[in-house]
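Asks: What follows is a single structure, and I will ask about it in a moment.
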Amino acid sequence: MANSSQNPSTLIEEVISFIKKERELYGDFSMRDSLTRKSSKPEAEKPESNKISEPEDEVYDGNQIYREIEKCQNLEELKALCEKADVLKTDLKNTKMVFGDGNPNADLMLIGEAPGAEEDKQGEPFVGSAGKMLNQILEAINFKRDDIYISNILKHRPPNNRDPLPEERKRSLPFLLKQIELIDPKLILALGKVSAQTLLDTNASLTKMRGKFHNFRGKYELLATFHPAALLYRRKWKRPTWEDVQLLRKRYDELGGKP
Ligand code: URA
């Protein structure tokens with residue numbers, strides 16, 4: 618923060634950015650209540666389904682767009698739906714929708730937090746400085762960006778790169794679950810605390826979640842690791858990240874992941 622004392626708005630931006638980075642390590646709120654779905658149906662009466670996304674909550678019920686998610690047969694249809702979904706927007710105006718990118722048949726899906734400034738400009742995930750770090754990680758375990766699919770918990774940029782709010786995550790999740798279902802990967806890598814907490818519906822620390830595979834909605838294996846942006850300022854997280862991604866590569870090969 619060397620020169621920021623002359624410019625208050627720069628100082629505020631730097632403080633916000635610092636707090637955001639700190640929160641990457643120390644979670645400060647629970648997703649449990651906000652992501653818990655209320656269902657009046659007894660367990661035994663639920664229809665058998667292969668689907669991983671079935672919004673039942675009254676917040677979703679009032680909004681027709683959530684019923685349209687299930688009608689999407691492919692990623693193009695889902696992307697078109699996301700383009701017109703106001704429920705995906707944050708309180709930052711005029712942002713570009715960042716749907717996701719990569720191989721639609723990927724066996725590995727990476728899920729980050731939310732688009733940043735560069736992603737918002739280009740409409741693609743992980744194309745800024747975090748993206749450069751991510752590319753290095755992928756290269757180290759012999760993946761190309763084209764081999765995998767990358768998306769985020771949020772499809773729009775939050776203001777000042779703040780953490781996505783619980784309500785924003787909740788509104789976005791059914792779209793992401795459909796996206797996962799359409800790609801149907803063998804493995805999911807959650808990048809950072811926000812992604813892992815949202816997907817695993819917990820407020821556990823990343824240190825607790827990383828390093829092992831979790832069952833994700835009875836259908837997928839999910840590994841969590843540090844967010845690539847966090848590695849830019851916390852060198853000590855590089856080693857555990859390296860261990861995690863080696864574990865990921867090993868499991869991918871065991872499962873016959875292609876390519
Ligand atoms: N950070 C994320 O979590 N996602 C992006 O797309 C870019 C930066």
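Count along the sequence shown starting at 1, add 617, and that's the number in the working numbering. Even for Gly, the Cβ is constructed at its ideal location relative to N, Cα and C.
Cα separation between Pro-802 and Ser-822?
Replies: Looking at the two C-alpha atoms, the distance is approximately 25 angstroms.
Asks: Please list the terminal residues of the continuous alpha helix (DSSP H) segment that includes Gly-748.
Replies: 746-757 is the extent of the alpha helix (DSSP H) around Gly-748.
Asks: Give the range of the beta strand (DSSP E) segment to which Asp-726 is assigned.
Replies: Residue identity differs from the one stated: residue 726 is Met in this sequence, not Asp. Met-726 -> beta strand (DSSP E) spans 725-729.
Asks: Can you tell me where the alpha helix (DSSP H) holding Glu-741 begins and where it ends?
Replies: Counting along the chain, Glu-741 falls outside any alpha helix (DSSP H), and DSSP gives it neither H nor E.
Asks: State the start and end residues of the unbroken alpha helix (DSSP H) segment that holds Ile-797.
Replies: Residues 783-800.
Asks: Is there at least one non-hydrogen atom of ligand 1 closer than 7 angstroms to the beta-carbon of Glu-730?
Replies: Checking the Cβ of Glu-730 against ligand 1 gives yes.
Asks: Can you have a look at Ala-813 and say buried or exposed, based on whether 16 or more other CB atoms are within 10 angstroms of its CB?
Replies: By the 10 Å Cβ count, Ala-813 comes out buried.
Asks: Along the chain, where does the beta strand (DSSP E) that runs through Ala-807 open and close?
Replies: Where Ala-807 is concerned, the enclosing beta strand (DSSP E) stretches over 804-808.
Asks: Leaving out the 5 sequence neighbours to the left and right, which residues in its chain are closer than 6 angstroms to Arg-827 when beta-carbon positions are compared?
Replies: Counting only Cβ-Cβ distances below 6 angstroms, and skipping sequence neighbours, we find Ala-841, Thr-842 and Asp-861.
Asks: For Glu-730, I'd like the list of residues in its chain whose CB is within less than 8 angstroms of its CB, leaving aside the five on either flank, ordered along the chain.
Replies: The answer, listed in chain order, is Asn-769, Ile-770, Leu-771, Asp-780, Pro-781, Leu-808, Gly-809, Val-811, Ser-812 and His-844.
Asks: Report the partner residues of Ile-682 according to the DSSP bridge assignment.
Replies: In DSSP, Ile-682 forms no bridge with anything.
Asks: Does the count of Cβ pairs from the region 747-755 and the region 678-694 closer than 8 angstroms reach three?
Replies: Output reads no: the region 678-694 does not touch the region 747-755.
Asks: Since Arg-868 and Phe-830 are thought to touch, with beta carbons under 8 angstroms apart, how far apart are those beta carbons, to the nearest angstrom?
Replies: Between Phe-830 and Arg-868 the Cβ distance is about 7 angstroms, and since that is below 8 angstroms, they are a contact.
Asks: By a C-beta neighbour count over all protein chains shown, 10 Å radius and 16 as the cutoff for buried, is Asp-724 buried or exposed?
Replies: Its Cβ being crowded by 16 or more others within 10 Å, Asp-724 is buried.
Asks: Is Asn-769 near ligand 1, judged by its Cβ being under 7 angstroms from some heavy atom?
Replies: Yes, ligand 1 has a heavy atom inside 7 angstroms of this Cβ.
Asks: Is it the case that the region 731-745 contacts the region 790-797, given that we only count it when at least three CB pairs across the two stretches are under 8 angstroms?
Replies: The region 790-797 vs the region 731-745: no contact.
Asks: Would you call Asp-718 buried or exposed, if buried means 16 or more other Cβ atoms sit within 10 Å of its Cβ?
Replies: Classification of Asp-718: buried, given that the 10 Å Cβ count is 16 or more.
Asks: Judging by CA-CA distance, which residue of Pro-776, Val-744, Lys-688 and Ser-746 is the nearest neighbour of Thr-707?
Replies: The candidate whose alpha carbon is nearest that of Thr-707 is Pro-776.
Asks: Verify whether the separation of the beta carbon atoms of Ile-800 and Tyr-837 is less than 8 angstroms.
Replies: No. Outside cutoff.
Asks: Less than 7 angstroms between C-beta atoms, sequence neighbours within five positions excluded: which residues of the same chain meet that for Lys-696?
Replies: Correct list, in chain order: Phe-716.
Asks: Helix or strand or just coil, what does DSSP make of Glu-838?
Replies: Strand, per DSSP.
Asks: So Tyr-850 is in the beta strand (DSSP E); what residue range does that whole segment cover?
Replies: Here Tyr-850 belongs to no beta strand (DSSP E), and DSSP marks it neither H nor E.
Asks: Roughly how many whole angstroms lie between the Cα atoms of Ala-661 and Asn-722?
Replies: Residue placement at Ala-661 is flagged as unreliable, the pLDDT there being 37, under the threshold of 50; the coordinate-derived value follows with that caveat. Cα to Cα, the separation comes out at about 33 angstroms.
Asks: Considering only residues of the same chain and omitting the five flanking positions on each side of Ile-669, which have a CB-CB separation below 7 angstroms?
Replies: Leu-794, Ile-797, Glu-798, Arg-834 and Lys-836.
Asks: Does DSSP classify Leu-822 as helix, strand or coil?
Replies: The residue asked about is misnamed: residue 822 is Ser in this sequence, not Leu. In the structure shown, Ser-822 sits in coil (DSSP, three-state: anything other than H, G, I, E or B).
Asks: Please classify Pro-876 as buried or exposed, where buried requires at least 16 other C-beta atoms within 10 Å of its C-beta.
Replies: With fewer than 16 other Cβ atoms within 10 Å, it is exposed.
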